[in-house]
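Student: Throughout the sequence shown, residue numbering follows my numbering, covering 369 to 628 in sequence.
Just so it is clear, CB atoms sit at the ideal spot from N, CA and C, and this is done for glycine as well.
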Amino acid sequence: MQGAKAYSRNAPGCVDWACRRSGRRGLLAGLGLLARDAIAATDAEAREAMVTTIAQYTSAAASALGRDKIDPRVLDVMRRVPRHVFVPASLRSNAYDDRPLPIGFGQTISQPFIVALMTDMLRTAPDQVILEIGTGSGYQAAVLSGLVRTVHSIEILAALADAARSRLREHGFGNVLVHLGNGYFGVPSAAPFDGIIATAAAGSIPLPLLQQLRPGGRMVIPIGNPFATQHLMLVEKAMDGVVRTRRTLPVRFVPFVDAG
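#1: Cα separation between arginine 404 and aspartate 411?
#2: Got a sec? Which residues, its chain only, sit under 7 Å from isoleucine 591 by beta carbon, not counting five neighbours each side?
#3: So is lysine 437 buried or exposed if we call it buried at 16+ other beta carbons inside 10 Å?
#4: Check this for me: beta carbons of arginine 533 and valine 516, under 7 Å apart or not?
#5: Taking just the CA atoms, how far does threonine 503 sit from glycine 474?
#6: From which residue to which residue does the alpha helix (DSSP H) around aspartate 530 run?
#7: Could you tell me the alpha carbon to alpha carbon distance between glycine 584 and serine 461, rounded to whole angstroms?
#8: Could you compute how far the alpha carbon of isoleucine 422 sits from the alpha carbon of leucine 617?
#9: I believe threonine 487 touches leucine 512 by the beta-carbon criterion, under 8 Å. Please report the beta-carbon distance rounded to the nearest angstrom.
#10: Would you kindly report the start and end of the unbroken beta strand (DSSP E) that includes glutamine 475?
#11: Can you tell which of Ile589, Pro450, Val497 has the C-alpha that lies nearest to the C-alpha of phenylalanine 621?
#12: Within a Cβ cutoff of 7 Å, which residues of the same chain sit near glycine 549, ignoring the five residues on either side of it in sequence?
#13: Would you mind reading off the limits of the beta strand (DSSP E) that contains serine 521?
#14: At the level of alpha carbons, what is the spacing between aspartate 530 and serine 505?
#15: Select from Ile565, Gln580, Ser427 the residue whose C-alpha is nearest the C-alpha of glutamine 508.
#16: For threonine 613, name the three-state secondary structure that DSSP assigns.
#17: According to the Cβ coordinates, are arginine 586 and leucine 443 closer than 7 Å?
#18: Going by DSSP in three states, glutamine 598 sits in which element: helix, strand or coil?
#19: Let me know if valine 611 comes out buried or exposed under the rule of 16 or more other beta-carbons within 10 Å of its beta-carbon.
#20: Looking only at C-alpha atoms, which of Gly472, Val419, Met418, Val619 sits nearest to proline 594?
#21: Let me check one thing: in DSSP terms, what residues is aspartate 563 bridge-paired to?
#22: Does DSSP classify glycine 391 as helix, strand or coil?
#23: Tell me whether valine 419 sits in a helix, a strand or coil according to DSSP, three-state version.
#24: What first and last residue would you give for the alpha helix (DSSP H) that runs through proline 440?
#25: Straight-line CA distance for lysine 605 to threonine 613?
#26: Can you check whether the CB of alanine 493 is closer than 7 Å to the CB of phenylalanine 541?
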């Protein structure tokens, strides 16, 4: 067979020592692929375990939430989004633990259960445009990106905004637009929004965000002072502009930075 020569130890165009080195490189490359496959499988299993935990927590909190299940679309997206790329390398082994993790600058990536819950409370649809307040590492925006048409995310800390923008682009979340600025004032140039989600706590619902919420839209935001009890608040804006709020779970979030 003509092609068999390519697998010969002394194949044409390759001196003996280079062929042996090439063979070793091929073996190492093969082992590397196996290792990456094993890691990928482990990550997938960890995400599945994370989703199972989220479902259990939701059921346990049913009386406060008014429901006992998260939208399956939200859970499916969270099975796919690689949370480990949104945490510091030193915390990779903890990426799928159901707890917040530090990401630097006094900020955190939210507990997966809270990410799922807040996303579910928005009641997203594929044609929607959503605003996120507090990009952080970009994980919440990545989850939203699989559920809606466009995500605008605003971050006040330049280092976090730049890193999240690069990370989201690198991992294919092309429908997320990261803005640098004070999230308290939203992103007027892209308003109105079908939904708004805040990943930092405010003392009260910011008026600029209410103004940028489309009639019929929803906002999910933690309300309360940093050293007092905070609650996750669902804000609904009726088609006639009337705003209704509902307090749900007690939570703990980092405060808005320079919220004014």
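Tutor: Inspection of the coordinates gives the following:
#1: Residue placement at arginine 404 is flagged as unreliable, the pLDDT there being 44, under the threshold of 50; a coordinate-derived value is accordingly withheld.
#2: The answer, listed in chain order, is Ala569, Ala570, Ser572, Ile573, Gln598, His599, Met601.
#3: Exposed is the call here.
#4: Result no, Cβ atoms of arginine 533 and valine 516 do not sit closer than 7 Å.
#5: Approximately 14 Å between the Cα atoms of the pair.
#6: Bounds of the alpha helix (DSSP H) holding aspartate 530 are 526–538.
#7: Linking glycine 584 to serine 461 through their CA atoms gives a straight-line distance of about 41 Å.
#8: Distance between isoleucine 422 and leucine 617, taken at the CA atoms: about 15 Å.
#9: Indeed, because the Cβ distance is near 6 Å, the residues count as touching under 8 Å.
#10: Counting along the chain, the beta strand (DSSP E) containing glutamine 475 begins and ends at 475–477.
#11: Distances from the alpha-carbon of phenylalanine 621 to those of Ile589, Pro450, Val497 put Ile589 closest.
#12: Only Ile522, Ile524 meet the Cβ criterion.
#13: Following the DSSP letters along the chain, one finds serine 521 inside the beta strand (DSSP E) bounded by residues 518–523.
#14: C-alpha of aspartate 530 to C-alpha of serine 505: approximately 10 Å in a straight line.
#15: With respect to the C-alpha of glutamine 508, the residue from Ile565, Gln580, Ser427 having the closest C-alpha is Ile565.
#16: The answer is strand: DSSP assigns threonine 613 an E or B state.
#17: In this structure, leucine 443 does not lie closer than 7 Å to arginine 586 by Cβ.
#18: Strand.
#19: In this structure valine 611 is exposed. Its beta-carbon is surrounded by fewer than 16 other beta-carbon atoms within 10 angstroms.
#20: Nearest C-alpha to proline 594: Val619.
#21: Position check: residue 563 holds glycine in this sequence, whereas aspartate was assumed. Glycine 563 pairs with Ile498, Arg586.
#22: Its pLDDT being 47, under 50, glycine 391 is placed unreliably by the model, and nothing is read from it.
#23: Valine 419: helix per DSSP, three-state reduction.
#24: Going by DSSP, proline 440 is part of the alpha helix (DSSP H) stretching over 440–448.
#25: Linking lysine 605 to threonine 613 through their CA atoms gives a straight-line distance of about 9 Å.
#26: Against a cut-off of 7 Å, the Cβ pair of alanine 493 and phenylalanine 541 comes out as no contact.
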